[in-house]
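Novice: I have a structure I would like to understand better, so I am pasting it below and will then ask my questions one at a time.
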Amino acid sequence: MKIFRSRYILFKVSGNPYDHEIIFHVKAILLPHEIKIVFKKLPFVIIRIDHKSWEVFKRLYGPKITITSKKFTITSIITSGTIKKLKEKIKTCSIIIEMGMRKPSQSPENLC
6 MKIFRSRYIL
16 FKVSGNPYDH
26 EIIFHVKAIL
36 LPHEIKIVFK
46 KLPFVIIRID
56 HKSWEVFKRL
66 YGPKITITSK
76 KFTITSIITS
86 GTIKKLKEKI
96 KTCSIIIEMG
106 MRKPSQSPEN
116 LC
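With our numbering applied, the sequence shown covers 6 to 117.
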């Protein structure tokens with residue numbers, strides 16, 4: 006049994022914040038034991054946190070996170086146990102953003 010399991014959260018960022026600003030604001034809300042930006046390709050950022058902090062936050066506030074600052078806004082899109090799934094989601098979202106189209110199967114809450 007793993008003592009430390011990770012959760013990866015895909016965020017969409019509007020604005021151009023520095024990495025430490027993103028970490029600071031996410032830490033203030035999630036209160037994780039460990040947090041790290043593992044992938045950044047604006048407007049998307051993947052953050053790794055411990056699963057216990059995520060589960061506590063999700064029970065209290067629900068799975069969506071929106072953080073607004075003077076310089077930027079970050080909104081969670083999806084959470085996963087692997088980076089691979091989130092990178093696939095980034096590819097899909099990038100195509101949708103570039104072409105301005107949406108798949109009919111996408112629900113409004115899962116749009117990029």
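We treat Cβ as the ideally placed atom computed from N, Cα and C, and that holds for glycine.
Runs of 4 residues minimum, wholly inside the region 47–73: which ones carry the alpha helix (DSSP H) assignment?
Specialist: List check, alpha helix (DSSP H) in window: 56–66.
Novice: Within the chosen definition, does the region 84–92 reach the region 34–41 through at least 3 CB pairs nearer than 8 Å?
Specialist: These segments do not touch.
Novice: CB Pro22 to CB Lys96, shorter than 7 Å?
Specialist: Here residue 22 is taken as the residue at index 17 of the sequence shown, counted from 1. Here residue 96 is taken as the residue at index 91 of the sequence shown, counted from 1. Cβ distance not < 7 Å, so Pro22 and Lys96 don't count as in contact.
Novice: State yes or no: is the C-beta of Ile83 within less than 7 Å of the C-beta of Leu15?
Specialist: As a position in the sequence shown, residue 83 is number 78, starting the count at 1. As a position in the sequence shown, residue 15 is number 10, starting the count at 1. Yes, these two residues count as a Cβ contact at 7 Å.
Novice: Can you tell me the Cα-Cα spacing of Pro48 and Ile54, whole angstroms?
Specialist: Locating residue 48 in the sequence shown gives position 43, counting from the first residue. Locating residue 54 in the sequence shown gives position 49, counting from the first residue. Answer to the nearest angstrom: the Cα atoms are 20 Å apart.
Novice: Helix, strand or coil for Thr97, going by three-state DSSP, please let me know.
Specialist: The residue you call residue 97 lines up with position 92 of the sequence shown. Three-state result, Thr97: helix.
Novice: Distance check for Thr80 and Arg64, CA to CA, integer angstroms please.
Specialist: Counted from its first residue, the sequence shown places residue 64 at position 59. Counted from its first residue, the sequence shown places residue 80 at position 75. Rounded to whole angstroms, Arg64 to Thr80 spans 18 Å at the Cα level.
Novice: Would Val18 pass as a contact of Val43 if the rule is Cβ separation under 7 Å?
Specialist: Here residue 18 corresponds to residue number 13 of the sequence shown, with the count starting at 1. Here residue 43 corresponds to residue number 38 of the sequence shown, with the count starting at 1. No, they are not a contact pair.
Novice: Does DSSP put Phe29 in a helix, in a strand, or in coil?
Specialist: Taking the sequence shown and counting its residues from 1, one reaches residue 29 at position 24. Helix.
Novice: Under a Cβ-count criterion, where at least 16 other Cβ atoms within 10 Å of its own Cβ denotes burial, should Val31 be classed as buried or exposed?
Specialist: Residue mapping note: residue 31 aligns to position 26 of the sequence shown, counting from 1. Buried.
Novice: Shortest alpha-carbon distance to Arg10 belongs to which of Lys69, Lys57 and Gly20?
Specialist: Counting from 1 along the sequence shown, the entry for residue 10 is found at position 5. Of Lys69, Lys57 and Gly20, the residue nearest in Cα terms is Lys57.
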